[in-house]
Amino acid sequence: MARPLRTIGEHGIIGDLETAALVARNGTIDYLCWPSLDSPTIFADLLDPEQGGAFEIRPEVDQPRHLQLYVPDTNVLLTRWMGADGSAEVVDVMPQPEARRRAGSEARCLIRRLTVTSGTVRFTMRCAPRFDYAREVPELVATKGGVRFSGRDLSLCLFASVELDRQEGSASALFTLSKGESAWFVLGDDGMSPPDDAAVLAQIAASTQEWRSWLGKTTYRGRWREQVLRSALTLKLLTSARHGSIAAAATFSLPETRGGERNWDYRATWIRDASFTVYAFLRLGFIDEAEHFYRWVGRRIMASDHDNPLRILYALDGTLPGEERALPNLAGYADSRPVRIGNAASKQTQLDIFGDLLDSAYLANKYGPAIPHEGWQHVCGLVEHVIEHWQSPDAGIWEMRSEPRHFLHSRVMCWVALDRAIRLAKKRSLPAPLVAWAEARDAIVDDVWSNFRHPEHGYFVQARGGTALDAALLMLPLVRFVSSTDPVWLKTLDAIGAQLCDDGLVYRYRSDDGLEGREGAFTTCTFWYAECLARAGRLEEAQMILAKGVAYGNDLGLFAEETDPQGLALGNFPQALTHLAFISAAHFLDRKLDPSHRPLWQP
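For what it's worth, the numbering used here labels the leading residue of the sequence shown as 1, then goes sequentially.
This is the structure:
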């Protein structure tokens, strides 16, 4: 009998700023890459429930109610089973680097601590990792206090406070606990010492304190504060403490529509996320994260030149990403094939990334240290590249796999690149051919207004010579290309609402993108739409769209990349861009609704 599908949205996320695990509402860890977020999986039951690998804890509770919540102000997850005759809960945590140092242990690990809260409960535990994207079943060897899972290139240890049994490729345990009693399991790097009760509790306490200490730096006190701070904590989970990069999402190949082929790997850093990431962290008061991420971006700029141009996306360590390829051994979530790792979009031309990058550079210099001379020289090279190529077709922000086109969003982001470079040069008195840059910037403005309008209705359109709309146009007022109350823009906003918005679900486009099938609504665009409505002064409508968008998250406040017509999660999960867009919309709308807010005048 096939096991019921654990849906994408029925998960929480934990992590240690190097990798992250998904914990299903029934207590199963069914997704985890090790040792890094972009490493092969050790648990991939979410992508193949028969052979992907999982870490299961099953209490014998009659018809339990499943609940998940985070320990307040942390990424420490609590999963509860509540029954009439017995209840239990498990704390799941992956201590981050500073927490490990505070607790006196450098070993990386995943901790699961069970406690019975009422009655007497019998448990079954089964830990069955499958290395290398479920292509290798590890060998088991007994060790002091636990077992070792050994593979060709990876070994992990599992320790427990209860007796473990060994089967082929898995460790299991049967045990009973009464109210107030606890048991724990620790899965971690080979070579770590067996912990005891005190060590496990110390790691949990240190990680809890470290998350609260980090979140305490926020300056945000506005509306939707709980949801905004959950988004901040989620973004932090997707950052790399070692490199400063941020992953687009924690997962790969979760489908944009069930049974379809739109299954992509998002475990990489997209340059376009730079501006959103820096802006979101700065708005919330997390200056260190913004600067750390910008230093990562700065190294990508410094490494680029004419022969090695800036890439669309990079691996988390800043190297070039792997080739896109399919994993035929995995069945795929809800039989959605192919299961892909790597991303061929890395080889596309996407001109919008230069605007994203230079917008982030401008913001980082506005609120942080000045750009060094050598860095400015590389920025000037990027600007010259934009001047040379802004009239070229590209794949666009949505990474179309059809023929390149002249997309309006790409054209406008080229304008952003020039505009922010000019602003930065003036702000820091940096040497630059400002007249030539300004002429190119103004030429883009003329081109947009002349060639990217609907021939009958006059609103902006997705691509030159076309009539289709694109939700990426919602960025036009957000990057200040056009006034949020300009009549042509308001026509565009109304057209997007009529053609791409369906009860708060906003679709990216309706045009052909070179792929079979359809996709879900794009959650990021819902929040862009809400912010554009607010900027246009339509506050009641903006609040309702924002409220609906928040409801498309799960019970924990986590957003997937897309949603189906019922508002259920689709695509990779959780997605950074959606959380960034929500923070931006909530921050702006909160200020608009605050009668005491008086923005500083700026020339």
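Where is the CB? At the ideal position from N, CA and C, for every residue including glycine.
Buried or exposed by the 16-neighbour rule on C-beta atoms within 10 Å, applied to residue i
| i | result |
| --- | --- |
| Q167 | exposed |
| N308 | exposed |
| R101 | exposed |
| H11 | buried |
| G298 | buried |
| G216 | exposed |
| M302 | exposed |
| Y367 | exposed |
| Q391 | exposed |
| P603 | At P603, the pLDDT of 30 sits below 50, so the modelled position is not reliable; the number obtained from the coordinates is stated separately. With fewer than 16 other Cβ atoms within 10 Å, it is exposed. |
| P129 | buried |
| W601 | Low confidence applies here, because W601 scores a pLDDT of 32, under 50, leaving its location unreliable and the question unanswered by this model. |
| L158 | buried |
| T124 | exposed |
| K347 | exposed |
| H373 | exposed |
| D512 | exposed |
| T234 | buried |
Beta-carbon spacing of residue i, residue j below 7 Å
| i | j | result |
| --- | --- | --- |
| D30 | L46 | yes |
| L546 | A521 | no |
| T218 | G285 | yes |
| T492 | Y459 | yes |
| T349 | D394 | yes |
| E163 | G151 | no |
| C525 | V550 | no |
| F407 | A463 | yes |
| G517 | T143 | no |
| Q96 | D196 | no |
| I243 | W184 | According to the sequence displayed, residue 243 carries His and not Ile. For H243 and W184, no; Cβs fall outside 7 Å. |
| R212 | D73 | yes |
| V383 | A436 | no |
| R411 | V448 | yes |
| V379 | C414 | no |
| L589 | A542 | yes |
| T269 | S304 | no |
| L515 | R401 | yes |
| R108 | G188 | yes |
Residue i - containing alpha helix (DSSP H), residue span
| i | result |
| --- | --- |
| E561 | That residue, E561, is in no alpha helix (DSSP H); it is neither H nor E in DSSP. |
| R411 | 408-428 |
| D447 | 434-451 |
| V488 | 487-499 |
| T523 | 523-535 |
| I583 | 576-593 |
| I387 | 373-389 |
| L14 | Per the sequence presented here, residue 14 reads as Ile, with Leu not at that position. Unbroken run through I14 is the beta strand (DSSP E), 11-15; no alpha helix (DSSP H). |
| L37 | Neither: L37 is in no alpha helix (DSSP H) and is coded neither H nor E. |
| R148 | Looking at the DSSP string, R148 is not in any alpha helix (DSSP H); the run it does join, the beta strand (DSSP E), is 146-150. |
| A134 | 131-134 |
| V297 | 287-303 |
Enclosing beta strand (DSSP E) for residue i [first to last residue]
| i | result |
| --- | --- |
| M94 | No beta strand (DSSP E) contains M94, which DSSP labels as neither H nor E. |
| S275 | Careful: S275 lies outside any beta strand (DSSP E), inside the alpha helix (DSSP H) at 273-284. |
| A160 | 155-160 |
| F55 | 54-59 |
| I111 | 109-128 |
| M82 | 77-82 |
| D512 | No beta strand (DSSP E) contains D512, which DSSP labels as neither H nor E. |
| A21 | 20-24 |
| H66 | 65-70 |
| Q167 | 165-167 |
Short CB-CB distance (under 7 Å) between residue i and chain B
| i | result |
| --- | --- |
| A326 | Considering every chain present, this structure includes no chain B. It has just one protein chain. |
The ligand FAD heavy atom lying under 6 Å from the CB of residue i
| i | result |
| --- | --- |
| L37 | As presented, the structure is devoid of all ligands, the ligand FAD included, so that no description of it is given. |
Evaluate contact between the stretch 112-121 and the stretch 172-181, counting only Cβ atoms and requiring at least three cross-stretch pairs below 8 Å. yes
Specify whether the stretch 85-104 and the stretch 200-207 touch according to this definition: at least 3 beta carbon pairs, one from each stretch, less than 8 Å apart. yes
With three or more beta-carbon pairs closer than 8 Å as the criterion, would you say the stretch 261-268 touches the stretch 328-337? yes
Kindly confirm or deny that the stretch 44-58 and the stretch 19-29 touch, where touching means at least three C-beta pairs closer than 8 Å. yes
Segment contact, 8 Å Cβ cut-off, at least three pairs: the stretch 561-575 with the stretch 237-257: yes
Three or more beta-carbon pairs under 8 Å between the stretch 132-146 and the stretch 32-47, yes or no? yes
Going along the chain, which unbroken runs of the alpha helix (DSSP H) with 4 or more residues stay wholly within the stretch 173-232? 197-215
Looking at C-beta atoms only, is the number of pairs between the stretch 351-361 and the stretch 275-285 that lie closer than 8 Å three or more? yes
Can at least three beta-carbon pairs, one atom from the stretch 88-98 and one from the stretch 109-116, be found at a separation below 8 Å? yes
Curious, which full-length alpha helix (DSSP H) runs of at least 4 residues does the stretch 456-487 contain? 475-478
Which ranges does the alpha helix (DSSP H) cover as unbroken runs of at least 4 residues, wholly within the stretch 338-377, from first to last along the chain? 352-367
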